[in-house]
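Residue numbers (our numbering): 353 to 696. Right, one structure below, let's go through it.
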Ligand code: AFP
């Protein structure tokens, strides 16, 4: 049986971050997510369903489980000696844990993605991203450490609390997946070096907003339906929609809308970590104009448009290959249209 930490340490020599120190950090994430998984499973019994009545920094209603998941991650990671800064989607300000000399890692997370689905027993998850303090910074301005492009991530991953609890992570050398065995309380290796299928006839989008999507996206959605061989799947929990896309292929998109012109999803806690996982599995992630991992964040809670998934499907949508497949002759590049409309 190979646990996450053991699997990671086995990569010593192949991955410069595969150290005991980093494995200790990872074990903080596995511990926290095991606690969260146990609570999610018993949410109905523990009377921790429902809203707290509080609105978070994102302007969204905070669920009791959101708060619990956030506190659990902060507590479990706060004691890991090598973490300097914790950044949560739920909190307005970063948690500064330690000075630069010791706390060289920064962990950013969405503690409970898809939490508005909790009461309906739909899969939800935790997403995490790990950075190192920026070497260019003088160490005083915390934001220069946090606002790094996604290509600087040391590791990233997510946990899906679904029919089973699954953890997928990358540290820059492939994507590896583990299943939580509740009888022994450990994540056990299920699959190494996962590859996302290059094609997958599944598109995943909240089509209710279609009228307010950029023109290129609307045309793609018309095109995809005209093909007759695509299916539509949308859970409304990014982490679960992404996990399906990783395993089965296809494309997930959340473009800018009238309500959220920059997109709804958060660059640092959602788009960056999933883009890192997608690329490491052979997939692609873009905002319609540029690669997600190249985006220079301007603010901690910045939002972005996101198009993520199988190489061929994303190329089909963005026109990256000149939209050269049959039936797509009229689909102009989404990027050109986004630029024209000033969205994205
Ligand atoms: P919640 O955590 O508030 O449920 O939001 C989830 C989410 O950020 C992401 O997981 C989904 O993909 C997306 O929102 C769904 O948004 P729509 O309800 O607008 O489709």
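For glycine and all other residues, C-beta sits at the position ideal for the given N, C-alpha and C. Note that the structure is predicted; figures quoted are calculated from it, not measured.
May I ask you to report which of helix, strand or coil DSSP gives residue i?
{"i": "residue 465", "result": "strand"}
{"i": "residue 396", "result": "helix"}
{"i": "residue 606", "result": "strand"}
{"i": "residue 537", "result": "coil"}
{"i": "residue 521", "result": "strand"}
{"i": "residue 675", "result": "Reliability of the predicted coordinates at residue 675 is poor, the pLDDT of 47 falling under 50, and the value obtained from them is presented with this limitation in mind. In this structure, residue 675 counts as coil in the three-state DSSP scheme."}
{"i": "residue 543", "result": "strand"}
{"i": "residue 565", "result": "coil"}
{"i": "residue 361", "result": "helix"}
{"i": "residue 354", "result": "coil"}
{"i": "residue 692", "result": "Only weak support is given to the placement of residue 692: the predicted model assigns it a pLDDT of 47, under 50, and the question is left unresolved by the model."}
{"i": "residue 470", "result": "helix"}
{"i": "residue 455", "result": "coil"}
{"i": "residue 430", "result": "helix"}
{"i": "residue 409", "result": "coil"}
{"i": "residue 423", "result": "helix"}
{"i": "residue 668", "result": "helix"}
In whole angstroms, what is the alpha-carbon distance linking residue i and residue j?
{"i": "residue 530", "j": "residue 516", "result": "10 Å"}
{"i": "residue 580", "j": "residue 600", "result": "18 Å"}
{"i": "residue 381", "j": "residue 429", "result": "7 Å"}
{"i": "residue 301", "j": "residue 671", "result": "The chain is shown only over 353 to 696; residue 301 falls outside these bounds and no answer can be derived."}
{"i": "residue 377", "j": "residue 459", "result": "9 Å"}
{"i": "residue 468", "j": "residue 407", "result": "13 Å"}
{"i": "residue 540", "j": "residue 667", "result": "34 Å"}
{"i": "residue 575", "j": "residue 480", "result": "34 Å"}
{"i": "residue 496", "j": "residue 486", "result": "7 Å"}
{"i": "residue 715", "j": "residue 536", "result": "The first residue shown for the chain is 353 and the last is 696, placing residue 715 beyond what the model contains."}
{"i": "residue 623", "j": "residue 592", "result": "14 Å"}
{"i": "residue 454", "j": "residue 611", "result": "42 Å"}
{"i": "residue 556", "j": "residue 570", "result": "13 Å"}
{"i": "residue 413", "j": "residue 404", "result": "8 Å"}
{"i": "residue 464", "j": "residue 427", "result": "15 Å"}
{"i": "residue 703", "j": "residue 359", "result": "Nothing can be reported for residue 703, as the shown portion of the chain is limited to 353 through 696."}
{"i": "residue 369", "j": "residue 523", "result": "8 Å"}
{"i": "residue 614", "j": "residue 566", "result": "11 Å"}
{"i": "residue 362", "j": "residue 457", "result": "21 Å"}
{"i": "residue 691", "j": "residue 663", "result": "Annotation note: pLDDT 45 at residue 691 (below 50); position unreliable, no value reported."}
{"i": "residue 513", "j": "residue 387", "result": "11 Å"}
{"i": "residue 446", "j": "residue 409", "result": "12 Å"}
{"i": "residue 559", "j": "residue 435", "result": "40 Å"}
{"i": "residue 494", "j": "residue 484", "result": "12 Å"}
{"i": "residue 582", "j": "residue 553", "result": "5 Å"}
{"i": "residue 619", "j": "residue 448", "result": "20 Å"}
{"i": "residue 500", "j": "residue 649", "result": "6 Å"}
{"i": "residue 461", "j": "residue 652", "result": "11 Å"}
{"i": "residue 421", "j": "residue 561", "result": "30 Å"}
{"i": "residue 578", "j": "residue 564", "result": "20 Å"}
{"i": "residue 675", "j": "residue 379", "result": "Model confidence at residue 675 stands at a pLDDT of 47, short of 50, so the residue's coordinates are unreliable; what they give is reported in the following sentence. Going from the Cα of residue 675 to the Cα of residue 379 covers about 44 Å."}
{"i": "residue 466", "j": "residue 433", "result": "30 Å"}
{"i": "residue 440", "j": "residue 573", "result": "34 Å"}
{"i": "residue 527", "j": "residue 655", "result": "25 Å"}
{"i": "residue 602", "j": "residue 451", "result": "43 Å"}
List the endpoints of the continuous alpha helix (DSSP H) containing residue i.
{"i": "residue 391", "result": "372-393"}
{"i": "residue 498", "result": "494-498"}
With respect to the beta strand (DSSP E) encompassing residue i, which residues constitute its N-terminal and C-terminal limits?
{"i": "residue 511", "result": "507-513"}
{"i": "residue 414", "result": "413-415"}
{"i": "residue 435", "result": "435-440"}
{"i": "residue 554", "result": "554-556"}
Per DSSP, residue i is paired with what?
{"i": "residue 529", "result": "520, 543"}
{"i": "residue 475", "result": "DSSP, once it has assigned bridges, lists no residue as partnering residue 475."}
{"i": "residue 403", "result": "415"}
{"i": "residue 448", "result": "437"}
{"i": "residue 551", "result": "None, per the DSSP bridge assignment."}
{"i": "residue 481", "result": "460, 508"}
Is the beta carbon of residue i within less than 7 Å of some heavy atom of the ligand PLP?
{"i": "residue 559", "result": "The ligand content of the structure shown is limited to the ligand AFP, which means the ligand PLP is not among them."}
(request) Give, in chain order, every unbroken run of the alpha helix (DSSP H) that is at least 4 residues long and sits entirely within the stretch 569-621. (result) As far as the stretch 569-621 is concerned, its whole alpha helix (DSSP H) runs of at least 4 residues are 590-600.
(message) List, from N- to C-terminal side, the beta strand (DSSP E) runs of 3 residues or more that fit wholly inside the stretch 618-663.
(response) List check, beta strand (DSSP E) in window: 636-638, 658-661.
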